[in-house]
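Read the structure below first, then the notes.
Chains as they are written, first to last, in the working numbering: chain A, 447 to 682; chain B, 447 to 682.
Shown next, in the form of structure tokens:
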């Protein structure tokens with residue numbers, strides 16, 4: 447068996463976790479602890495992990511999210527893998543990888559996923575040496591993330607826009623269980639980079655047969671409390 | 447560096463190469479030479495390769511197609527990766543892999559691509575020990591291919607249907623440079639599993655502003671020679 451060392455790539459999964467805070471589309475990033483941390487740049491990354499030996503790709507992505515947030519049954523959608531050999535050309539990235547994985551890393555091909563979670567779900571952090579925070583997706587465009595994570599997040603956003611075109615009900619993975627029509631419109635606009643007219647959006651809503659108007663209104667808001675709605679899943 | 451052996455996956459690319467013979471949608475398969483070949487089942491597979499050390503995924507897919515067919519500049523589109531550990535559970539698959547790659551293979555994650563080629567382009571075979579042939583995509587559903595290649599081809603077909611919805615001009619990657627409207631209709635129907643009415647399809651064609659009618663007709667056909675068309679690429 448020749449050439450073993452030259453063909454020793456590793457495979458990871460990375461998760462672009464989207465959440466919606468009622469106003470902005472956010473992405474969950476973790477902070478890396480790097481020993482020789484004299485600069486503050488380049489120290490945030492998406493949640494991810496090298497896949498375990500007997501683990502399928504989807505299972506690895508679910509594990510990463512569960513370990514990080516305590517959540518299960520999260521919507522996940524795989525998109526185009528990243529395997530440019532130069533994605534691990536930064537020695538600090540390699541140093542961090544080898545320290546955390548205890549593997550000799552030549553290169554890493556990563557299989558990325560988009561995850562959609564309700565931002566109001568309580569996130570339980572398990573990893574002691576990381577801190578996890580939500581960042582505005584527009585803000586991230588100006589941050590310098592580890593590896594090629596900026597590019598992966600951009601592709602993840604395109605991917606989810608595209609999925610939402612095909613399956614509009616995925617929007618409800620991001621909204622709280624009970625929501626107002628203005629929250630729905632704000633989310634729709636932030637994902638599609640549009641500015642919907644209130645009246646036209648009402649027409650669109652009238653066609654959403656899967657929306658159920660509740661007998662409840664918002665609580666504790668400074669303006670006139672708006673009607674709450676919920677999403678009615680189709681029967682299988 | 448612990449656990450090195452348990453984390454020793456390899457990464458491959460596999461290509462679902464689609465072609466259209468004027469009537470049927472076909473897929474290019476290669477025949478494996480397996481030493482202990484007493485059975486004739488399980489000996490066909492998609493063209494693919496373990497990625498080289500310094501090679502990006504797209505480059506590996508292009509290389510595979512070029513080595514196999516002599517063709518360059520082929521339309522390629524990556525879709526969802528396959529990484530179930532059980533995909534290499536058949537000892538014959540592992541035996542073949544280790545013999546051809548000269549690598550000790552634990553598991554293989556494969557990154558699949560759809561390729562679209564004009565079936566009339568001359569295919570030059572370079573690999574001496576393989577034979578390459580076109581198979582009807584419906585016929586493949588009843589064949590038992592190596593690894594999980596049946597499943598990958600099914601997913602590839604879904605993927606390309608979906609791409610064609612978004613980019614209808616990709617159909618012309620499969621047609622000869624000059625084609626008739628009935629060829630275009632046959633291809634449209636075979637990809638979308640529809641049976642278009644001739645008159646309705648003419649209406650659809652009338653809206654395809656990128657079709658150019660030529661001053662030529664078919665040659666050497668037993669029926670009345672039909673008008674030829676070509677596809678006019680948009681200026682960039």
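The C-beta atom is built at its ideal place from N, Cα and C for all residues, glycine as well.
Given a cut-off of 9 Å, decide if residue j and residue i are closer than it, judged by their beta-carbon atoms.
| i | j | result |
| --- | --- | --- |
| residue 520 of chain A | residue 511 of chain A | yes |
| residue 659 of chain B | residue 645 of chain B | no |
| residue 472 of chain A | residue 599 of chain A | no |
| residue 392 of chain B | residue 506 of chain B | Because chain B spans 447 through 682 in this model, residue 392 of chain B falls outside it and cannot be assessed. |
| residue 581 of chain A | residue 618 of chain A | no |
| residue 457 of chain A | residue 523 of chain A | no |
| residue 636 of chain B | residue 470 of chain B | yes |
| residue 557 of chain A | residue 609 of chain A | no |
| residue 595 of chain B | residue 526 of chain B | no |
| residue 474 of chain B | residue 528 of chain A | no |
| residue 591 of chain B | residue 462 of chain B | no |
| residue 656 of chain B | residue 623 of chain B | no |
| residue 665 of chain A | residue 626 of chain A | no |
| residue 509 of chain B | residue 495 of chain B | yes |
| residue 536 of chain A | residue 466 of chain A | no |
Quick one: residues in its chain with C-beta nearer than 7 Å to the C-beta of residue i, no 5 flanking neighbours on either side, listed in chain order?
| i | result |
| --- | --- |
| residue 688 of chain B | Nothing in the structure corresponds to residue 688 of chain B, since chain B is present only between 447 and 682. |
| residue 669 of chain A | none |
| residue 638 of chain A | 607 |
| residue 634 of chain A | 617, 642 |
| residue 653 of chain A | none |
| residue 614 of chain A | none |
Could you pull the DSSP bridge partners for residue i from this structure?
| i | result |
| --- | --- |
| residue 524 of chain A | A:559 |
| residue 495 of chain B | B:459 |
| residue 613 of chain B | Answer by DSSP bridge pairing: none, since residue 613 of chain B is not bridged. |
| residue 554 of chain A | A:456 |
| residue 473 of chain B | B:464, B:581 |
| residue 676 of chain B | B:658 |
| residue 625 of chain B | B:675 |
| residue 688 of chain B | The structure shown does not extend to residue 688 of chain B, since chain B is modelled only from 447 through 682, so no value can be given for it. |
| residue 490 of chain A | A:477 |
In chain order, what residues of the same chain have a beta carbon less than 6 Å from the beta carbon of residue i, not counting five sequence neighbours either side?
| i | result |
| --- | --- |
| residue 534 of chain A | 540, 553, 554 |
| residue 493 of chain B | 461, 476, 510, 514 |
| residue 448 of chain A | Low confidence applies here, because residue 448 of chain A scores a pLDDT of 38, under 50, leaving its location unreliable; read the following figure in that light. Closer than 6 Å at Cβ, skipping near neighbours: no residue. |
| residue 650 of chain A | none |
| residue 547 of chain B | 496 |
Taking residue i and residue j to be in contact with their CB atoms under 8 Å, please state how far apart those CB atoms are, rounded to whole angstroms.
| i | j | result |
| --- | --- | --- |
| residue 578 of chain B | residue 476 of chain B | 5 Å |
| residue 562 of chain B | residue 612 of chain B | About 14 Å separates the two Cβ atoms, so there is no contact after all. |
Can you name, in chain order, every residue of its own chain whose Cβ lies under 8 Å from the Cβ of residue i, other than the five neighbours on each side?
| i | result |
| --- | --- |
| residue 549 of chain A | 456, 496, 543 |
| residue 501 of chain B | 509 |
| residue 671 of chain B | 663, 664, 665 |
| residue 675 of chain A | 624, 625, 626, 627, 630, 657, 658, 659, 660 |
| residue 478 of chain B | 489, 490, 491, 542, 576, 592 |
| residue 589 of chain A | 490, 581, 596 |
| residue 586 of chain B | 473, 475, 596, 599 |
| residue 648 of chain A | 627 |
| residue 518 of chain B | 508, 512 |
| residue 640 of chain B | 634 |
Report task. Please list the residues of the region 510-532 of chain A that have a C-beta atom closer than 7 Å to any C-beta atom in chain B, keeping them in chain order. Result -> 524, 526, 527, 529, 530, 531
**Report entry** Residues within the region 599-627 of chain A neighbouring chain B, beta-carbon criterion of under 7 Å
**Finding:** none
Query raised in the report: Going along the region 489-504 of chain B in order, which residues come within less than 9 Å of chain A, judged by CB to CB distance?
Result: 496, 497, 498, 499, 500, 501, 502, 503, 504
**Report entry** Cβ-based contacts, 9 Å cut-off: residues of the region 633-666 of chain A near chain B
**Finding:** none
Requested in this report: Taking only beta carbons into account, state which residues of the region 545-556 of chain B come closer than 7 Å to chain A, listed in chain order.
Outcome: 548, 549, 550, 555
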